[in-house]
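**Student:**
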Amino acid sequence: MSLVFQVGAAVLGTVGFSVMFSVPRADYPLCGLAGGAGWLVYCLTLPRLDAPGATLLATVLVVFLSRLFAVRRRCPVTIFLIPGIIPLVPGGGIYWTAYYMVFDRFREAAQTGFDAVKVAVAIVLGIVFVFQVPQSVFRIGMRRCPK
Amino acid sequence: MERDVMEVAIEAGHILLENGAEIFRVEETIYRISRHYGVNTGNVFTLSNGIFVTAESAGKEPFAKVLHVPVGSAHLDRVAAVNQLSREIEEGKYTVQEAREALERIRKMPSKRPLVQVAAGALGSGAFAYLYGGALSDSLAAAVAGAVLYIYILMVSRPHLSKMVGSITGAMVATIVSVLVYALGLGKHLDYIVIGSVVALIPGVAFTNAIRDITDENYLAGVVRMLDALLVFFCIAIGVGLVYALVHWLTGGALL
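Protein sequence lines correspond, in order, to chains A and B.
In terms of this note's numbering, the first sequence opens at residue 2 and continues consecutively.
In terms of this note's numbering, the second sequence opens at residue 47 and continues consecutively.
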């Protein structure tokens, strides 16, 4: 049940960011879908993996969906990718790093900071690798449009 | 003629770069438009805040232009519109003059109403406070702080402040409101409230585009954008930390 609320919150948050970034209104649902699907994978895999691993898998799905939506709707992939990736950004990790720094708890600050960097690297790897998949893969099942 | 074509192509690139497109898309669009109208000699070099273009045809005056493009806030609907326009230009639906007018219309596309943007900020803050582990009351408190932060962004930091100062003071505003709301009894965990309240400051566009640009081997633009993103993350941390240190000092450790 809490998983439903979690994914629901991810969808709402992603749509909130779509509005802030002025995404065309017709694309809000797909942005929410990308963000929600990514967070669902993150929640499901987090107990078995660690945060970077779960983030990597979630990023792979978000980028894959974004590219799929972009091809289907014939618009830039950025529109889905930027809002969709936001839930995975290690905002909490950055917060705790700053928190421990202020109270001179350097060991914990270093630990949380390092963990946040690992999550960020996972996002980078997910984006980099899924963008190597050739565009034709995302056209499968689409009617060839006359040029 | 050649000059007109290049002007239109550059204007398309200008709108794209200004509103949060990747370098690859900016250059590709300029090439496509200029090629479609018969200028095959164009050369484009794009940085995170500038476009350099030249074109030279036999017997005509060479064309060169350098454009400084200060990066504004992202308007992804304008990116989508230019993308659509460039596809339709390639399909032959526009003369050069019509394309110029279409670009002018895109440049004038209205932003979302401020009230809608503030509501979106509140929604984002509330949702993310919950995602990061907060209770429903925390997410409500974060939504209040997020709304105040967005009003501050729209009225103070975007029109008047540099990016660094805007991010630091924005994070401070969000944290102060969070602490106040928490002290008044709304919400159970100050941590999650604060994390949620500052999400509108997260440099999502710069971070994602930096990765894309570096992947496309546009290292110079990518590294500048990554530095921009890291700097903003750092500024958010400083803003939150400053308020925490202040509250800690004022209350003698009672609240934090």
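Note that beta-carbon positions come from the ideal geometry of N, C-alpha and C, so glycine has one too.
Would you please verify whether the beta carbon of Pro147 of chain A is less than 8 Å from any beta carbon of chain B?
**Tutor:** Its pLDDT being 46, under 50, Pro147 of chain A is placed unreliably by the model, and nothing is read from it.
**Student:** Identify each residue in the stretch 174-195 of chain B for which the Cβ-Cβ distance to at least one residue of chain A is less than 8 Å, and report them in chain order.
**Tutor:** Those would be Phe174, Tyr176, Leu177, Tyr178, Gly179, Ser185, in chain order.
**Student:** I'd like to check one pair, Gly127 of chain A with Leu57 of chain A: are the Cβ atoms closer than 8 Å?
**Tutor:** The answer is yes: Cβ separation under 8 Å.
**Student:** For the stretch 202-214 of chain B against the stretch 37-44 of chain A, are there 3 or more C-beta pairs whose distance is under 8 Å?
**Tutor:** These segments do not touch.
**Student:** Ala291 of chain B to Arg106 of chain A, Cα distance in whole Å?
**Tutor:** One C-alpha to the other measures close to 13 Å.
**Student:** Between which two residues does the beta strand (DSSP E) harbouring Lys111 of chain B extend?
**Tutor:** That run of the beta strand (DSSP E) goes 109-114.
**Student:** Can you list the residues of chain A that Glu68 of chain B reaches, using a CB-CB cut of under 7 Å?
**Tutor:** Result: Thr79.
**Student:** So who's on the other strand from Thr92 of chain B, going by DSSP bridges?
**Tutor:** Looking at the DSSP assignment, Thr92 of chain B forms a beta bridge with B:Ile97.
**Student:** Sorted by chain position, which residues of the same chain lie with C-beta nearer than 6 Å to Ile86 of chain A's C-beta, five sequence neighbours on each side aside?
**Tutor:** Taken in chain order, the residues that qualify are Val63.
**Student:** Is the Cβ of Gly287 of chain B closer than 8 Å to any Cβ of chain A?
**Tutor:** Chain A, which has a Cβ nearer than 8 Å to the Cβ of Gly287 of chain B, makes this yes.
**Student:** Express the C-alpha separation of Thr98 of chain A and Ala191 of chain B in angstroms, rounding to a whole number.
**Tutor:** The straight-line gap from Cα to Cα measures roughly 21 Å.
**Student:** Could you pull the start and end residues of the alpha helix (DSSP H) that Ala148 of chain B belongs to?
**Tutor:** Start and end: 142-153.
**Student:** Whose CA, out of B:Asn95, B:Leu207, B:Ala101, lies closest to the CA of Ile76 of chain B?
**Tutor:** Of the candidates B:Asn95, B:Leu207, B:Ala101, the one whose C-alpha sits nearest the C-alpha of Ile76 of chain B is B:Ala101.
**Student:** Is the Cβ-Cβ distance between Val99 of chain B and Lys111 of chain B less than 8 Å?
**Tutor:** Against a cut-off of 8 Å, the Cβ pair of Lys111 of chain B and Val99 of chain B comes out as a contact.
**Student:** On the premise that Ile135 of chain B lies in contact with Ile79 of chain B, defined as a C-beta separation below 8 Å, what is that separation, rounded to the nearest angstrom?
**Tutor:** Rounded, the Cβ-Cβ distance is 6 Å, consistent with contact.
**Student:** Which residues in chain A have a C-beta closer than 8 Å to the C-beta of Ile248 of chain B? List them in chain order.
**Tutor:** By Cβ distance, chain A contributes Ile87, Val90, Gly92.
**Student:** Less than 6 Å between C-beta atoms, sequence neighbours within five positions excluded: which residues of the same chain meet that for Met272 of chain B?
**Tutor:** Contacts found: Ala256.
**Student:** His121 of chain B touches chain A at which residues, Cβ-Cβ below 7 Å?
**Tutor:** By Cβ distance, chain A contributes Ser23.
**Student:** Going along the stretch 96-117 of chain B in order, which residues come within less than 9 Å of chain A, judged by CB to CB distance?
**Tutor:** From the stretch 96-117 of chain B, no residue has a Cβ closer than 9 Å to chain A.
**Student:** If you count every other CB in all the chains shown that lies within 10 Å of the CB of Thr1 of chain A, and 16 or more means buried, which is it?
**Tutor:** Summary: the structure shown does not reach residue 1 of chain A, with chain A confined to residues 2 through 148, and so no result is reported for it.
**Student:** Would you tell me roughly how many angstroms separate the C-alpha atoms of Ala55 of chain B and Ala188 of chain B, rounded to the nearest one?
**Tutor:** Distance between the alpha carbons of Ala55 of chain B and Ala188 of chain B is about 44 Å.
**Student:** Assign Asp259 of chain B to one of two classes, buried (16 or more other C-beta atoms within 10 Å of its C-beta) or exposed (fewer than that).
**Tutor:** Its Cβ being crowded by 16 or more others within 10 Å, Asp259 of chain B is buried.
**Student:** How big is the Cα-Cα spacing for Leu122 of chain B and Glu64 of chain B?
**Tutor:** Going by the C-alpha atoms only, they are around 10 Å apart.
**Student:** Buried or exposed: where does Lys148 of chain A fall if 16 or more other Cβ atoms within 10 Å of its Cβ makes it buried?
**Tutor:** In this predicted model, Lys148 of chain A has a pLDDT of only 41, less than 50, meaning its place in the structure is not dependable; the value taken from the coordinates is given anyway. Exposed, since its Cβ has fewer than 16 Cβ neighbours within 10 Å.
**Student:** Ignore the nearest five residues each way along the sequence and tell me which others in Val131 of chain A's own chain have a CB closer than 6 Å to its CB.
**Tutor:** Excluding residues within five positions, the ones whose Cβ falls inside 6 Å are Val61, Val64, Phe65.
**Student:** In the structure shown, what three-state DSSP assignment does Lys209 of chain B receive?
**Tutor:** Three-state DSSP puts Lys209 of chain B in a helix.
**Student:** So with Cβ pairs under 8 Å, would you call Tyr100 of chain A a contact of chain B?
**Tutor:** True, the Cβ-Cβ gap to chain B drops below 8 Å.
**Student:** Pairing CB atoms from the stretch 219-232 of chain B with CB atoms from the stretch 135-150 of chain B, are three or more of them under 8 Å?
**Tutor:** Because the criterion of three Cβ pairs below 8 Å is not met, the stretch 219-232 of chain B and the stretch 135-150 of chain B do not touch.
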